[in-house]
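Chains as they are written, first to last, in our numbering: chain A, 21 to 403; chain B, 21 to 403.
Where is the CB? At the ideal position from N, CA and C, for every residue including glycine.
For reference, the structure is listed below as structure tokens.
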């Protein structure tokens, strides 16, 4: 099983590129744009600089600062309604995955009828016709989600308490590593682990493909080299640039392979215990790689080697799994990712939570309920 | 100056993927497709297998076997007219760049008025609205052109004797390395050098970008490792697969940076003396890298290192240029690329041909007429 590598959106990458936002919006023909972000990003001073830049290009701005983590449907609906009321002709999403996904959702609602819930998990449905959609530029301020390089978003259905994918591409991503300089060490590590999971899951997916593999390998190599530095010295711009590039490459690498065990179980874990996404998926990566190694050792070996591990030539698949597991465990500790027991006080509650054990689709090794429990328990004990 | 990395089309890569052509066309909703190729590819038995596969999916085929090198406008017009007369609802291009570019041109003419000449070099013009275009799948049978991963084509204006770019994306590329197994050694080397130039030019373009750089580095590394093997042992499928992947990555890497000196001068050289494209550009690569090294040594160093050269840490830009030049010269000889004097008997004619000295746009070092002459002369003497 191989998959089709599909196109990411146009990507404008580099230090200082956010200073060109206004110019790019102008190229898209925008005159008045809805700018979507959260209050934290605003307080960090990132939004104002970009707003000034947009205004300097003669483009009006309408502000929406209510983005919340795990973007709730009603927030997306509110953003869309504001954009319609203000008759904007474009959007900008500034922030982490939540801001970018809220912007994608709002983009849909500028052209198609509300509420956003109509467009949840359309899967096999005809994709929305994007021809008449207004342009949207997304500007990540973390290095992790990869939402800047994928046409998907995740929105929370607040009535049914579940998360749903929406499909909406972006017109351009502007990735300026300078915007991530002020990111605290904990968020840097957590979002960085999200990117590491994306790349490792893409590489070991049963729907992997060779183009994706090239991107994932480079992403893992960059993360291993740059994440510890970015966590220790937040203003090290080389490390920040390496991480921003890695996150984007990792996002791109998912086009085709989709995700694996860490995202399949981790997102459920995150929702149940209110754990930040990158941490919830990252804490399961080491054990997940060990679990799949017996059936896909060659790819797990690449993950370990890109992280700097030495894998002896005659290693068995099981030995490769253990090397990968230990390498990732050490890396998890090196960047001070939290212990699972600090996040989930009651291990038994976690192991008995039925909701954590739904099946996985793109994992090369079939995952039973018992396997999932084992991965969770081992991750818990080792972290 | 950095550039926007733009999306390639969906890519389906891997051994045996051409056996899925019919299924993919069906997914696009096709019932009758125009299949475009040249007689050589047909004689090699490649077309028949794919035709059988398309028919097995219940899709009718209309054949167009008149593709010529440096696709002439009238051939493209003829292909388009056949497609319209037969009321096809999709296209397939099988072959090297000429077949793929002819298919792109014919795709335009199924929706927009003939002749293809109307769409030459539109540059700043509004891109054609692709919404109502019929789907086209391209299937490369060489590993070089990268046309499978770009929305551009090059068509010859037979009245004015010049080549023009057209812009037309493809719906999907199916890249099956098994189709390249029968390629003779000389064509393998020449097309492989085309890909090497794409990657080296992308990496050293003044409009380079970091995503492109990742792809270009991997492409060069793969070519250095696989091209000599693919030339020596044509049926070595690992080497063929490495080259097919490299050519696609190299094509993708050009999205944003565009080309450099080898393509700028080489295409003119090729047209004047009827030299195969890959040879005409490839014979200039070594000297071109040496010429730009003084202003972009860090990137020329990457080219040399990806090709296996050892570059001492304290090398000057000029020394890096010489190392890169020698590495590429040796590689050129290793894969038995032809001596320039075998292709162009009269060196003075070449050096006096005004048509070879038009300016270049994306080269990091300004190229005067004298510089261009020097590159041509040194290339000639050294090959």
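>> Extract the residue ranges of the alpha helix (DSSP H) inside the segment 284 to 337 of chain B, only unbroken runs of 4 or more that lie entirely within it.
In response: 297 to 302, 305 to 326
> Does the pairing of the segment 129 to 138 of chain B with the segment 147 to 165 of chain B give three or more beta-carbon distances under 8 Å?
Replying inline: yes
> Which term fits residue 110 (chain B), buried or exposed, when burial requires 16 or more other beta carbons within 10 angstroms of its beta carbon?
Replying inline: Reading the second chain from its first residue, position 90 is the one you call residue 110 (chain B). It is buried - the Cβ of residue 110 (chain B) has at least 16 other Cβ atoms within 10 Å.
>> Only counting the same chain, and skipping five residues up and downstream in sequence, which positions put a Cβ closer than 6 Å to that of residue 205 (chain A)?
In response: Your numbering for residue 205 (chain A) matches position 185 in the first chain. Around residue 205 (chain A): 251.
> Is residue 288 (chain A) buried or exposed, if buried means 16 or more other CB atoms sit within 10 Å of its CB?
Replying inline: One-based indexing of the first chain puts residue 288 (chain A) at position 268. The residue is buried, with at least 16 neighbouring Cβ atoms inside 10 Å.
> Just how far apart, CA to CA, sit residue 62 (chain B) and residue 91 (chain A)?
Replying inline: Stepping through the second chain from its first residue, residue 62 (chain B) is reached at position 42. Stepping through the first chain from its first residue, residue 91 (chain A) is reached at position 71. One C-alpha to the other measures close to 55 Å.
>> Could you compute how far the alpha carbon of residue 172 (chain A) sits from the alpha carbon of residue 348 (chain B)?
In response: Along the first chain, read from residue 1 onward, the residue named residue 172 (chain A) stands at position 152. Along the second chain, read from residue 1 onward, the residue named residue 348 (chain B) stands at position 328. Residue 172 (chain A) and residue 348 (chain B): Cα-Cα distance of roughly 43 Å.
> Under a three-way DSSP split, which group does residue 213 (chain A) fall into?
Replying inline: Translated into positions along the first chain, residue 213 (chain A) becomes position 193. Residue 213 (chain A): helix per DSSP, three-state reduction.
> Using a beta-carbon distance cut-off of less than 8 Å, what residues from the segment 26 to 51 of chain B approach chain A?
Replying inline: 26, 27, 28, 29, 30, 31, 32, 33, 34, 37
> By a C-beta neighbour count over all protein chains shown, 10 Å radius and 16 as the cutoff for buried, is residue 359 (chain A) buried or exposed?
Replying inline: Here residue 359 (chain A) corresponds to residue number 339 of the first chain, with the count starting at 1. Its Cβ having fewer than 16 others within 10 Å, residue 359 (chain A) is exposed.
> DSSP state of residue 193 (chain A), grouped into three classes?
Replying inline: Translated into positions along the first chain, residue 193 (chain A) becomes position 173. In the structure shown, residue 193 (chain A) sits in a strand (DSSP, three-state: E or B).
>> Run through chain B and tell me which residues come within less than 7 Å of residue 477 (chain A), C-beta to C-beta.
In response: The structure shown does not extend to residue 477 (chain A), since chain A is modelled only from 21 to 403, so the question has no answer here.
>> Assess contact between the segment 313 to 320 of chain A and the segment 357 to 373 of chain A, defined as three or more Cβ pairs (one per stretch) separated by less than 8 Å. Is contact present?
In response: no
>> Relative to the C-alpha of residue 242 (chain A), which candidate in A:70, A:330, A:343, A:219 has its C-alpha closest?
In response: Walking along the first chain from the start, residue 242 (chain A) turns up at place 222. The shortest C-alpha separation from residue 242 (chain A) is found at A:219.
> Are at least three pairs of beta-carbons, each pair with one atom in the segment 155 to 167 of chain B and one in the segment 114 to 121 of chain B, less than 8 Å apart?
Replying inline: yes
>> With H, G and I counted as helix, E and B as strand and the rest as coil, what does DSSP make of residue 183 (chain B)?
In response: Locating residue 183 (chain B) in the second chain gives position 163, counting from the first residue. Residue state, collapsed to three classes: strand.
> Which full runs of the alpha helix (DSSP H) of 4+ residues lie inside the segment 356 to 381 of chain B, going along the chain?
Replying inline: 360 to 363, 367 to 372
> Under a Cβ-count criterion, where at least 16 other Cβ atoms within 10 Å of its own Cβ denotes burial, should residue 389 (chain A) be classed as buried or exposed?
Replying inline: Translated into positions along the first chain, residue 389 (chain A) becomes position 369. It counts as exposed.
>> So, under 8 Å CB-CB, residue 302 (chain B) and residue 213 (chain B) are touching, yes? Tell me the CB distance rounded to an integer number of Å.
In response: The count along the second chain starts at 1 and reaches residue 302 (chain B) at position 282. The count along the second chain starts at 1 and reaches residue 213 (chain B) at position 193. Indeed, because the Cβ distance is near 3 Å, the residues count as touching under 8 Å.
>> For a cutoff of 8 Å on Cβ pairs, would you count residue 22 (chain B) as touching chain A?
In response: Taking the second chain and counting its residues from 1, one reaches residue 22 (chain B) at position 2. Chain A contact via Cβ: present.
>> By the DSSP assignment, the beta strand (DSSP E) with residue 240 (chain A) in it spans what residues?
In response: Walking along the first chain from the start, residue 240 (chain A) turns up at place 220. First-last for residue 240 (chain A): 230 to 252, but that is the alpha helix (DSSP H), not the beta strand (DSSP E).
> What residues in the segment 246 to 267 of chain B have a beta carbon less than 7 Å from any beta carbon of chain A?
Replying inline: 265
>> Please list, in chain order, the chain B residues whose beta carbon lies closer than 7 Å to that of residue 151 (chain A).
In response: If you number the first chain from 1, residue 151 (chain A) lands on position 131. Correct list: 151.
>> Suppose only complete runs of 4+ residues qualify. What are the alpha helix (DSSP H) ranges in the segment 104 to 178 of chain B, listed by chain order?
In response: 117 to 131
>> Is there a C-beta anywhere in chain A that falls below 8 Å from the one on residue 395 (chain B)?
In response: Start at 1 with the first residue of the second chain, and residue 395 (chain B) comes out as number 375. It does not; no Cβ of chain A falls within 8 Å.
> Which value, in whole angstroms, describes the spacing of the CA atoms of residue 85 (chain A) and residue 67 (chain A)?
Replying inline: Here the question's residue 85 (chain A) lines up with position 65 in the first chain. Here the question's residue 67 (chain A) lines up with position 47 in the first chain. Distance between the alpha carbons of residue 85 (chain A) and residue 67 (chain A) is about 10 Å.
> So is residue 138 (chain A) buried or exposed if we call it buried at 16+ other beta carbons inside 10 Å?
Replying inline: Against the first chain, residue 138 (chain A) aligns to sequence position 118. Answer is exposed; the Cβ neighbour count stays below 16.
> Is residue 387 (chain B) helix, strand or coil when you go by DSSP?
Replying inline: The sequence position of residue 387 (chain B) within the second chain is 367, counting from 1. If DSSP states are grouped into helix, strand and coil, residue 387 (chain B) belongs with coil.
> Does residue 269 (chain B) have its Cβ less than 8 Å from a Cβ in chain A?
Replying inline: Taking the first residue of the second chain as 1, we reach residue 269 (chain B) at position 249. Chain A, which has a Cβ nearer than 8 Å to the Cβ of residue 269 (chain B), makes this yes.
> Under 8 Å between C-beta atoms, does residue 230 (chain B) make it to chain A?
Replying inline: As a first step, residue 230 (chain B) must be located in the second chain, where it is residue number 210. Yes, its Cβ sits closer than 8 Å to a Cβ of chain A.
>> Below 8 Å, how does it come out for the segment 381 to 399 of chain B and the segment 264 to 283 of chain B: are there three or more Cβ pairs, yes or no?
In response: yes
>> How far does the beta strand (DSSP E) with residue 56 (chain A) in it extend, from its first residue to its last?
In response: Residue mapping note: residue 56 (chain A) aligns to position 36 of the first chain, counting from 1. Counting along the chain, the beta strand (DSSP E) containing residue 56 (chain A) begins and ends at 52 to 56.
>> Quick check on the DSSP output: the alpha helix (DSSP H) that includes residue 198 (chain B) runs from which residue to which?
In response: Here residue 198 (chain B) refers to the residue found at position 178 when the second chain is read from its first residue. Element bounds for residue 198 (chain B): n/a, residue is neither H nor E.
> Where do the ends of the alpha helix (DSSP H) carrying residue 37 (chain B) lie?
Replying inline: Your numbering for residue 37 (chain B) matches position 17 in the second chain. Unbroken run through residue 37 (chain B): none, as it is neither H nor E.
>> What would DSSP say about residue 25 (chain B), mapped onto helix, strand or coil?
In response: To locate residue 25 (chain B), count along the second chain from 1; it is residue 5. It is a strand residue.
> Since residue 408 (chain B) contacts residue 216 (chain B) with CB under 8 Å, what's their CB separation in whole angstroms?
Replying inline: Missing from the structure shown is residue 408 (chain B); chain B here goes from 21 to 403 and no further.
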